[in-house]
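Undergrad: Before I ask anything, let me first share the structure, which is written out below as structure tokens.
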Amino acid sequence: MNNYNDNQPLLVSVPGVQWHLGGIGVTKVYDLIKRGELVKVNIGRRGFITAKSLEAYVDRITEVAEASTSPRPKR
């Protein structure tokens, strides 16, 4: 059984993903889906992004940002 917080949705709409990612465009959201960065599921004709994949994406880009901004050792 999956562990999830009852207060958090399991699925997020595309406009919700746009909002969570700072207002990015819908084209960028679908690009992230196409590249496999986000997981899209359909319920009927409506498409949703899994909250798990959204959180994993944010974790990945945060790690990259932190690694690129960490101080470099002096030579």
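Counting from 1, position 14 in the sequence shown corresponds to residue 5 in the working numbering; the numbering is continuous, with no gaps.
Quick reminder that beta carbons are idealized off the backbone N, C-alpha and C, glycines included.
(1) Using CA atoms only, rank isn't needed, just tell me which of Leu23, Phe39, Arg37 and Arg36 is closest to Val49.
(2) For Gly16, which residues of its own chain have a beta-carbon under 6 Å away from its beta-carbon, when the five flanking residues on both sides are left out?
(3) Using only CA atoms, which one of Asp(-3), Val3, Asn(-2) and Gln(-1) lies nearest to Asn33?
(4) Go to Val49, then tell me how far its alpha helix (DSSP H) extends in each direction, as first and last residue.
(5) Along the alpha helix (DSSP H) that carries Val20, what are the first and last residues, could you check?
TA: Let me spell this out:
(1) Leu23
(2) none
(3) Val3
(4) Ala42 to Thr60
(5) Val17 to Lys25
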